[in-house]
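Some notes on the structure that comes next.
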Amino acid sequence: MSDLHWMTAAAAAQAIAARKLSPVELMTALLERIARLDPKLNVFVRLDGEAAMDAARAAEAEIATGRSRGPLHGVPVGIKDIIDVAGLPTTCHSKILIDNIAAADAVCVSRLRGAGAIVLGKLSTHEFAIGGPSFDLPWPPARNPWNSDHHPGGSSSGSGAGIAAGLFPLALGSDTGGSVRNPASACGIVGLKPTYGLVSRRGVFPLSFTLDHVGPMTRNVADNALMLDVIAGHDALDPGSAVAPAGHYASGLERGVRGLRIGFVRHFHETDLPAHPEVTAALENVARTLQGLGAEIRDIRLPTLGEFGAVNRVILQSEAWAIHGPWLRERPGDYGQLARRRLLAGAFMSAGDYVQAARRRLEMIAAVEGALREVDLLLCASAMDPPSRIDDAAETERTYPRQARTPFNVTGHPALAMMAGLSAGGLPLSVQFVGRYFGEGMLFQAARAWERAAGTDERHPPV
Amino acid sequence: MEKAIIELLARRAGLEKALAEFPDDVAAAAEQASGSVARMKAPADPRAEPWPPMRAGSGL
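Chains as they are written, first to last, in the working numbering: chain R, 1 to 463; chain U, 1001 to 1060.
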């Protein structure tokens, strides 16, 4: 088989189960590609190639005897380095935790292994999942495979870059203010922030207890649904975990959007944070295309991005200060500057500010819930700009906050970002779909309709 | 935010070391915090409660 690196997880799993593809052959191809491309892309903090190859051999032997571990048997997966993998470091890309070895798998990793997936290694992140691309950390920042002079988004930067570059078909990311959807947007892949509580956070280093989500990152919508099926589920030991209805997220993928009512939140990118003209044009194209496929598009208003962003930051930085305060007092020099500045902000917020943000948050949830009683799902911008050059700190600082992802960390609604097209400069542009609580199935349905119409899953970076 | 107030708040938070080694970062963090708080609207209803802190699908 050729081009194994662009094979989807579903196709690989199917071929492996049918003994048309050896997991060893797939792993070999990916490890060769990683050896060739990773020195330029910096996707891995820790590649566990030997163990991954051993696991691929074991999978091959099991499948030869007719034993299937699950729907991802023999399929490689990358894990963001704030998520525990037993025996491997969880450094959070920081000097602070450089010697921290995980004793056990995070629940999401354990579920992936239970389905037969093979852990390839730990992936680059912004330090402690906050900040931006930094050059003052123990490892260099990941780079964008569409153009390695540009950033790949973050904080799940290695996850996004590695998926887009064909280094692995599946990755785990985390999302507190958009950290799955930012790299999905910048790298032209599919990234889902599920409903708050749908995926266990146990074994994931926290950034903000009430905003943290774990989500799947893939090259197409079907793989995302498949991965969510595996990692979703109640965890009695995660206090935020929800008792949610069963998944079967891929069951409605091909239903299309005929008759769906889609609320277009235009004010996000038209007036709140006026988007780059190419982003605006791409969003209009998505809306027009879905309308052409039979969806009803209507305008919806929500609170402004400025206010959502403020509530997100007050909650995030207050909760993060509770976690990082002791280290910031004793070892401020062991953080990179970007993370240090953002994490220190919590020291200057009062208990009253935090409670006020929590009260306002419930009003914002009510506003989004109200909108989702009028429509079936929302369509809006994800990033307002194509990804900037990674060496242009000022432009990265300017464009990183120009996004519409934080509202749905504040409210906990599921939100999916994916490619909306390519800029004239050949960089991904993005769109975001937002659904009702536990309505991931309908999100996938709409995202798949757009993917099928635009062929976004067939577009790969020139690497 | 005035420098003296930033320093007072930083010391109260136990950030003497950060203040000595990274005064610009401490000042930038303080400015960021006050900006975020200022941009937040107060809840419209004085009886609005902050609980539960986060629970999807709780029927709001």
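C-beta atoms are modelled at their ideal positions from N, C-alpha and C, and glycine is treated no differently.
Inter-residue spacing [alpha-carbon to alpha-carbon] between residue i and residue j
i                        : j                        : result
glycine 188 (chain R)    : aspartate 353 (chain R)  : 37 Å
arginine 373 (chain R)   : aspartate 1025 (chain U) : 44 Å
leucine 1060 (chain U)   : tyrosine 437 (chain R)   : Unreliable positioning characterises leucine 1060 (chain U) in this predicted model, as indicated by a pLDDT of 39, which lies under 50. A coordinate reading is not provided.
arginine 360 (chain R)   : valine 311 (chain R)     : 7 Å
alanine 232 (chain R)    : glycine 78 (chain R)     : 17 Å
leucine 97 (chain R)     : proline 387 (chain R)    : 29 Å
arginine 398 (chain R)   : arginine 19 (chain R)    : 50 Å
threonine 36 (chain R)   : proline 140 (chain R)    : Rather than threonine, the amino acid found at residue 36 (chain R) in this sequence is arginine. Roughly 17 Å separates the two Cα atoms.
glycine 191 (chain R)    : leucine 1008 (chain U)   : 43 Å
leucine 198 (chain R)    : leucine 253 (chain R)    : 19 Å
leucine 260 (chain R)    : alanine 295 (chain R)    : 5 Å
glutamate 319 (chain R)  : glutamate 25 (chain R)   : 45 Å
glycine 240 (chain R)    : valine 107 (chain R)     : 14 Å
isoleucine 101 (chain R) : isoleucine 323 (chain R) : 19 Å
threonine 396 (chain R)  : glycine 306 (chain R)    : 18 Å
arginine 258 (chain R)   : leucine 293 (chain R)    : 6 Å
arginine 181 (chain R)   : proline 414 (chain R)    : 11 Å
methionine 27 (chain R)  : aspartate 3 (chain R)    : 13 Å
aspartate 238 (chain R)  : alanine 13 (chain R)     : 30 Å
alanine 351 (chain R)    : isoleucine 130 (chain R) : 22 Å
leucine 377 (chain R)    : glutamate 1002 (chain U) : 45 Å
alanine 142 (chain R)    : isoleucine 390 (chain R) : 9 Å
proline 1043 (chain U)   : methionine 442 (chain R) : 32 Å
methionine 53 (chain R)  : proline 428 (chain R)    : 32 Å
alanine 453 (chain R)    : alanine 55 (chain R)     : 37 Å
valine 265 (chain R)     : glycine 370 (chain R)    : 14 Å
is_contact[residue i, chain R] using C-beta, thresh 7 Å
i                         : result
lysine 1017 (chain U)     : yes
alanine 1056 (chain U)    : yes
methionine 1047 (chain U) : Inspection of the sequence shows that residue 1047 (chain U) is occupied by arginine rather than by methionine. It does not: the Cβ of arginine 1047 (chain U) has no partner Cβ on chain R nearer than 7 Å.
proline 1053 (chain U)    : yes
leucine 1060 (chain U)    : Any answer about leucine 1060 (chain U) is weak, because its pLDDT of 39 lies below 50 and its placement is not dependable; what the coordinates show is given next. Closer than 7 Å: yes.
Listed by chain order, chain R residues near residue i by CB distance under 7 Å
i                     : result
lysine 1003 (chain U) : In chain order: nothing, as chain R lies at least about 13 Å away.
Interface partners of residue i on chain R, CB under 9 Å
i                      : result
leucine 1009 (chain U) : Ala347 and Phe348
Short CB-CB distance (under 7 Å) between residue i and chain U
i                           : result
glutamate 307 (chain R)     : yes
glutamate 311 (chain R)     : Rather than glutamate, the amino acid found at residue 311 (chain R) in this sequence is valine. So, interface residue.
phenylalanine 412 (chain R) : This sequence places glycine at residue 412 (chain R); phenylalanine is not what is there. It does: the Cβ of glycine 412 (chain R) has a partner Cβ on chain U nearer than 7 Å.
Neighbour list for residue i in chain R, Cβ cutoff strictly below 8 Å
i                      : result
proline 1023 (chain U) : Correct list: empty, because the minimum Cβ distance to chain R is about 11 Å.
Beta-carbon neighbours of residue i, restricted to chain U and to distances below 8 Å
i                     : result
leucine 328 (chain R) : Leu1015 and Ala1018
Chain-ordered neighbours of residue i on chain U, where CB pairs are closer than 9 Å
i                       : result
glutamine 317 (chain R) : Ala1029, Gln1032, Ala1033 and Ser1036
Interface partners of residue i on chain U, CB under 7 Å
i                    : result
valine 314 (chain R) : Ser1036, Val1037 and Met1040
Distance cut-off 6 Å: residue i Cβ against heavy atoms of the ligand COA
i                     : result
alanine 275 (chain R) : Absent from the structure shown: the ligand COA. Ligands present: none.
Residue-chain proximity (residue i, chain A), Cβ-Cβ < 7 Å
i                    : result
valine 434 (chain R) : Any reference to chain A falls outside this structure, whose protein chains are R and U.
Quick test of the definition: if touching needs 3 or more C-beta pairs under 8 Å, does the stretch 280 to 288 of chain R touch the stretch 1012 to 1020 of chain U? Not touching, per the Cβ criterion.
Does the stretch 4 to 14 of chain R come close enough to the stretch 211 to 230 of chain R to have 3 or more Cβ pairs within less than 8 Å? Taking a cut-off of 8 Å for Cβ pairs, the stretch 4 to 14 of chain R and the stretch 211 to 230 of chain R touch, as three or more such pairs fall below it.
Three-pair Cβ contact test at 8 Å for the stretch 167 to 178 of chain R versus the stretch 198 to 214 of chain R: Yes, since at least three Cβ pairs between the stretch 167 to 178 of chain R and the stretch 198 to 214 of chain R fall closer than 8 Å, the two stretches touch.
Mind checking the stretch 193 to 210 of chain R against chain U and listing, in chain order, the residues whose C-beta falls within less than 9 Å of any C-beta there? Residues of the stretch 193 to 210 of chain R that bring their beta carbon within less than 9 Å of a beta carbon in chain U comprise Thr195, Tyr196, Gly197, Leu198, Phe209 and Thr210, in sequence order.
Under 7 Å (Cβ pairs) to chain U, residues found in the stretch 333 to 363 of chain R: Taking 7 Å as the Cβ-Cβ cut-off, the stretch 333 to 363 of chain R approaches chain U at Gly333, Gln337, Arg340, Arg341, Leu344, Ala345, Ala347, Phe348, Met349, Asp353, Val355, Gln356, Ala357, Ala358, Arg359, Arg360, Leu362 and Glu363, given in chain order.
Interface residues of the stretch 216 to 245 of chain R facing chain U [CB-CB below 7 Å]: Against chain U - using a Cβ distance shorter than 7 Å - the residues of the stretch 216 to 245 of chain R are Gly240 and Ala242.
If contact means a Cβ-Cβ distance below 9 Å, which residues of the stretch 437 to 449 of chain R contact chain U? For the stretch 437 to 449 of chain R, the set of residues with a beta-carbon nearer than 9 Å to any beta-carbon of chain U comprises Tyr437 and Phe438, in chain order.
How do the stretch 286 to 295 of chain R and the stretch 338 to 356 of chain R stand: do at least 3 beta-carbon pairs fall below 8 Å, yes or no? Three or more beta-carbon pairs separated by less than 8 Å are not found between the stretch 286 to 295 of chain R and the stretch 338 to 356 of chain R, which leaves the two stretches without contact.
Validate contact between the stretch 83 to 91 of chain R and the stretch 200 to 209 of chain R using beta carbons, cut 8 Å, 3 pairs: A contact exists between the stretch 83 to 91 of chain R and the stretch 200 to 209 of chain R.
Could you tell me whether the stretch 92 to 111 of chain R touches the stretch 122 to 135 of chain R, using the rule of 3 or more Cβ pairs below 8 Å? Yes, they touch.
Do the stretch 1033 to 1041 of chain U and the stretch 306 to 321 of chain R meet, that is, are 3 or more Cβ pairs less than 8 Å apart? They touch, by the three-pair rule.
Mind the definition here: the stretch 322 to 338 of chain R touches the stretch 433 to 452 of chain R only if three or more C-beta pairs lie below 8 Å; say whether that holds. These segments do not touch.
Within 8 Å, do at least three Cβ pairs link the stretch 28 to 44 of chain R to the stretch 152 to 163 of chain R? Yes: the two stretches touch, three or more of their Cβ pairs being nearer than 8 Å.
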